[in-house]
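Engineer: Line by line, the protein sequences are chains B and R.
Numbers given in my numbering equal positions in the first sequence, counted from 1, plus 2.
Numbers given in my numbering equal positions in the second sequence, counted from 1, plus 11.
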Amino acid sequence: MIAGKTWREVRVMAFAYLVILELLCVPVLLLWPDIYADLQRSALMKNLGIDWLKRIGEGVTSRDEDIAYLNWCAVMLFFRSTNLVGTAAAVLLGTGLFARERENQTFESLLALPVSRGRMLWQKVWPPALCLVVPVYLVNASAIFWSRQIDLDLPKWELFLASTHAAVFMLLFFLLTTYLSVRLRVQAHVAAGVGAFAVLQIGIYLTQRIRPYSIFHLADYEWYSPVLAGNTPAWQMFDPIRSHGYTTWLLLACLCVYGLTWRALHKAVP
Amino acid sequence: MDPAIAVTGLHKAFGERPVLRSVDLQVARGELLGVVGPNGAGKSTLFRVLLGLVPKDRGEVRVLGLDPATAAIAIRTRTCYLPGENGSYLQMTGREFLAYAFGFRPTRDDARLARLQDGFALPLQQKVRSYSAGMKQKLLLLGSLVPDVDLYVLDEPDRALDASVRFFVRDELRTMRTLGKTIVLSSHHLGEVEALADRLEFLLDGTFVPSTRLAAARAALRHRPRIRLRTGAVLPLGAREVAREPDGTLVVATDGDPMAWLRTVPDGTVDSAEVGIPRLEDLYQVLLAQQGAAP
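See the structure below:
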C-alpha cells in the first residue's frame, strides 16, 4: 500500500526525468559527426589549461573516431546526464519522502500504521529508486539505437557496466537525501542540505589538488571512459581488494546510508 | 478478561519536561472512556505511548494484553488511531484515501461504512485538497471508524466538526460500544463527552485528577453560574464577579445556592443564566486553583 502510494506520487516526476535524459542524449549522439568535425578543426579542446579538461579534450578529439565517440559518450551520457540530471532527480525524488509527511501532518498517521518501520522505509524507497535507476538503463540502451543511425556502435556489455556504476552513484545521492528527509522536518531544509553537500563536492572536484577527495571523482569522465573502452573489466569495478572496486565501495556506502536511515526512522517520533 | 488498557505508574518526559507523571489507567473491554484536559496536559502523548509511537520512560503499559514496547505492530493491527494533529493526503481523492486507509486493516464493518458515508455525504470522487477542514475530518473519521478492530483511540475526533455532525458521530460511537468495541477518545467538548462516555478522566499536568477532587471542583462550579446582564443593568447583590468573557458573559460566585440567588434577582436584570453546566476551561481553572491551595 505504501509503495503504491509512493509510486503514484513519483511517477510523473520519474517520467519527466526519463524524457529529459532522453532529450539530452539524442541530439548529442545524432549530431556527433558534425561535432567531431568541428572538434577536429578547433584548437581549443587541445589547449585547455586545466589538466582534467585537457584530458577530456584529447579524448574526444582522438584521431580514431570510434575512441573519440566512446569518450564523447562517457562525457555526455554519464559525466553530464547521469551525474548532473541524475543527481538532481535523486534529490527531487528523495526530499519529500518523509519530510513532506511531516509538513502535511500525516507523519503520525504513517507511523501509526500496522507496518514495521523497516518495511515502511523499504516501501517508501524502492519505487523512487527504481524510477531513478531504470531510466539510466533505458536511455543508455537507446543510445545504442541512436548510434547506429550515424553508423557507429556502442559496446553493450561495457555500456551496461557503466550504467550500473552510474545507477549506484545516483542511488547514493538518493539515499543521502532520504536520510535527511527522515531527520529534518521541512523539505526545503532537506533540499538545502543535499544541495550544499553537492556544491561542496563539486567545489572540491574543481580544485586540482584535492580533486581525488570529491565524491564526483568516483563517477567522472576518467572513470567512465576506460569502462566504455573496455579497459576496466567488471572485476576491477567490483573487487575492492585486488583493484579499486569503486562500484563496490559505492554500494557499501549505499548500504551504510540505508542503515543510518533505518535507524533514524526507528527513533523518529511524531 | 484482561482489560483493554492497563497502565500503571507511567512516566514520560521530553528532555527535562515531564509530560506524563505516574499515570494509572484501566479501561475495560467494551468501555467508552473520555479523556479531557487542557492543551498540553499529556493526552496525545498518552495515546502515542499506548500505540507504541513514543517510548515510555517508566511504568507498565498493556494494550489488549500486549506491551507497546515489544508488540506495537500487533497492537496497531487491532487498533484504529486518529491522531489529534492530522493532515490528509491532498493529492488523493476521497475514495483513494479510503482505499489506502482500509488497505492496512482488511476487515471492515460495511454497515458502518454505509451509515457514515450517508451521514457525512462526502464527495469521495473529488480530490482531498478541495475539501473544507470539516470534510477532511469526516474523511479521517471514515478511515478510522470503519475498520473492524478491537480498540479505537481517537484524539479529538470532533475537531472542526459542527454540532450536528458531532451528534451524529456520538450516536455512531454509541452503536460501536454496544457492539463491544473499546473506545478511548479525547475532546474539548466536556458536556458532549460526558453524555457519551461510560467514564470520564481529567488529565491535568500529566496526571489524572482523582475523582474526589474532580467532584469537589464540580461542586465548586455549581456556585459559579454564567449570566448575561441586560444592557445598563448592574450585578444584583448576593453575587460577585469572578470573570468576564469577551462576549460580555459574567462568571459570578454566589454565596449560597445559585438557583435561590437567581430567584431573588429583580426582573429585567438578567438576560440569560447557565447553572450547573461546567465548561472545561472553568473546571481547569478551579482545579488549578485547588492545586495551588493544596498543602
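Backbone N, C-alpha and C define an ideal beta-carbon position, used for all residues, glycine too.
Predicted model only: the values in this text are computed from it and were never measured.
Suppose you measure from the CA of R/G51 to the CA of B/L254; what does that come to, to the nearest Å?
Structural biologist: Roughly 44 angstroms between the two C-alpha positions.
Engineer: Within 10 Å of its beta-carbon, does B/W128 have 16 or more other beta-carbons around it, so buried, or fewer, so exposed?
Structural biologist: So B/W128 ends up on the exposed side.
Engineer: Let me see if you follow: with CB-CB separation under 9 angstroms, is R/N50 close to chain B or not?
Structural biologist: Not one chain B Cβ lies under 9 angstroms of R/N50.
Engineer: I need the DSSP call for R/D100, collapsed to helix, strand or coil.
Structural biologist: The residue asked about is misnamed: residue 100 of chain R is Tyr in this sequence, not Asp. In the structure shown, R/Y100 sits in coil (DSSP, three-state: anything other than H, G, I, E or B).
Engineer: For R/A228, which residues of its own chain have a beta-carbon under 6 angstroms away from its beta-carbon, when the five flanking residues on both sides are left out?
Structural biologist: Answer for R/A228: L294, V297 and L298, listed in chain order.
Engineer: Residues in the region 92-103 of chain R with C-beta within 9 angstroms of chain B's C-beta atoms, listed in sequence order?
Structural biologist: Correct list: Y92, L93, P94, G95, E96, N97, G98, S99, Y100, L101, Q102 and M103.
Engineer: Does any residue of chain B bring its CB to less than 9 angstroms from the CB of R/G26?
Structural biologist: So, not an interface residue.
Engineer: Could you give the uninterrupted runs of the alpha helix (DSSP H) lying entirely in the region 159-231 of chain R, keeping only those of 4 residues or more?
Structural biologist: The region 159-231 of chain R contains these whole alpha helix (DSSP H) runs: 174-189 and 201-207.
Engineer: Let's test the definition: count the other Cβ atoms within 10 Å of the Cβ of R/P66 and tell me whether it reaches 16, buried, or not, exposed.
Structural biologist: The residue is exposed, with fewer than 16 neighbouring Cβ atoms inside 10 Å.
Engineer: Considering only the beta carbon of each residue, do B/A270 and B/R119 sit closer than 9 angstroms?
Structural biologist: Cβ atoms of B/A270 and B/R119: closer than 9 angstroms.
Engineer: Just to confirm, is the Cβ distance from R/V160 to R/T118 under 9 angstroms?
Structural biologist: Yes; because the gap between Cβ atoms is below 9 angstroms, this pair is in contact.
Engineer: So, does the region 23-36 of chain R touch the region 109-125 of chain B, judging by three or more C-beta pairs under 8 angstroms?
Structural biologist: With the cut-off at 8 angstroms, the region 23-36 of chain R and the region 109-125 of chain B do not touch.
Engineer: Give me the residue from R/A284, R/V204 and R/H234 with the minimum Cα distance to R/D266.
Structural biologist: Comparing Cα positions, the closest option is R/H234.
Engineer: Report yes if the CB atom of R/D13 is closer than 9 angstroms to the CB atom of R/Y92, and no otherwise.
Structural biologist: Their beta carbons are not under 9 angstroms apart, which means R/D13 does not touch R/Y92 by this criterion.
Engineer: How far does the alpha helix (DSSP H) with B/K158 in it reach, from first residue to last?
Structural biologist: Note, B/K158: alpha helix (DSSP H), K158 to R185.
Engineer: Could you have a look at R/V245 and say whether DSSP puts it in helix, strand or coil?
Structural biologist: R/V245: coil per DSSP, three-state reduction.
Engineer: Pick from R/S143, R/L215, R/A174 and R/D121: whose alpha carbon is nearest that of R/L153?
Structural biologist: When each option's Cα is compared against that of R/L153, the closest is R/D121.
Engineer: Quick one: grab the DSSP three-state call for B/V62.
Structural biologist: Correct three-state label for B/V62: helix.
Engineer: Here's the rule I'm using: 16 or more other beta-carbon atoms within 10 Å means buried, otherwise exposed. How should R/P289 be labelled?
Structural biologist: By the 10 Å Cβ count, R/P289 comes out buried.
Engineer: Taking the straight line between their C-alpha atoms, what separation do you get for R/G202 and R/A230?
Structural biologist: Whole-angstrom Cα-Cα distance: 16 angstroms.
Engineer: For the putative contact between B/W9 and B/E224, defined by C-beta atoms under 8 angstroms, what is the C-beta separation to the nearest angstrom?
Structural biologist: So it is not a contact: roughly 36 angstroms between Cβ atoms.
Engineer: Between R/Y111 and chain B, is the shortest Cβ-Cβ distance under 9 angstroms, so that the two count as touching?
Structural biologist: Interface residue, yes.
Engineer: Please state the DSSP three-state secondary structure of B/V259.
Structural biologist: Helix, per DSSP.
Engineer: What is the rounded straight-line gap between the Cα of R/P306 and the Cα of R/V220?
Structural biologist: With a pLDDT of only 44 at R/P306, under 50, the local geometry of the prediction cannot be trusted, and the value read off the model is given with reservation. Their Cα atoms are separated by approximately 16 angstroms.
Engineer: Listing by chain order, which chain B residues have their CB less than 9 angstroms from the CB of R/V65?
Structural biologist: V271 and P272, listed in chain order.
Engineer: Against R/T88, what residues of chain B qualify as contacts under a CB-to-CB distance less than 9 angstroms, listed in chain order?
Structural biologist: Near R/T88 (Cβ distances below 9 angstroms), the residues of chain B are P116.
Engineer: Between B/A92 and B/M172, which are expected to be in contact by the criterion C-beta below 8 angstroms, what is the C-beta distance as a whole number of angstroms?
Structural biologist: Right, their Cβ atoms sit about 5 angstroms apart.
Engineer: When burial is assigned at 16 or more other CB atoms within 10 Å of the CB, is R/L282 buried or exposed?
Structural biologist: According to the sequence as given, residue 282 of chain R is Asp; it is not Leu. Exposed: under 16 other Cβ atoms inside 10 Å.
Engineer: How long is the line joining the alpha carbons of B/L132 and B/L23, rounded to whole angstroms?
Structural biologist: Rounded to the nearest angstrom, the two C-alpha atoms are 15 angstroms apart.
Engineer: Beta-carbon of R/R73 versus every beta-carbon of chain B: anything under 9 angstroms?
Structural biologist: No, R/R73 lies away from the interface with chain B (no Cβ there is under 9 angstroms from its Cβ).
Engineer: Residues in the same chain with beta-carbon distance under 8 angstroms from R/T104, minus the five sequence neighbours each way, listed in chain order, please.
Structural biologist: Answer for R/T104: L135, Q136, Q137, K138 and V139, listed in chain order.
Engineer: Measuring straight from C-alpha to C-alpha, what distance separates R/P168 and R/P94?
Structural biologist: Their Cα atoms are separated by approximately 8 angstroms.
Engineer: Does R/R106 come within less than 9 angstroms of chain B when only Cβ atoms are used?
Structural biologist: Closer than 9 angstroms: no.
Engineer: Using the Cα positions of R/T193 and R/G76, report the straight-line distance between them to the nearest angstrom.
Structural biologist: So the two alpha carbons sit approximately 13 angstroms from each other.
Engineer: Could you give the distance in angstroms between the alpha-carbon of R/E96 and the alpha-carbon of B/Q107?
Structural biologist: Between R/E96 and B/Q107, the C-alpha separation is close to 7 angstroms.
Engineer: Could you tell me the distance, in whole angstroms, from the CA atom of R/H199 to the CA atom of R/K147?
Structural biologist: Distance between the alpha carbons of R/H199 and R/K147: 19 angstroms.
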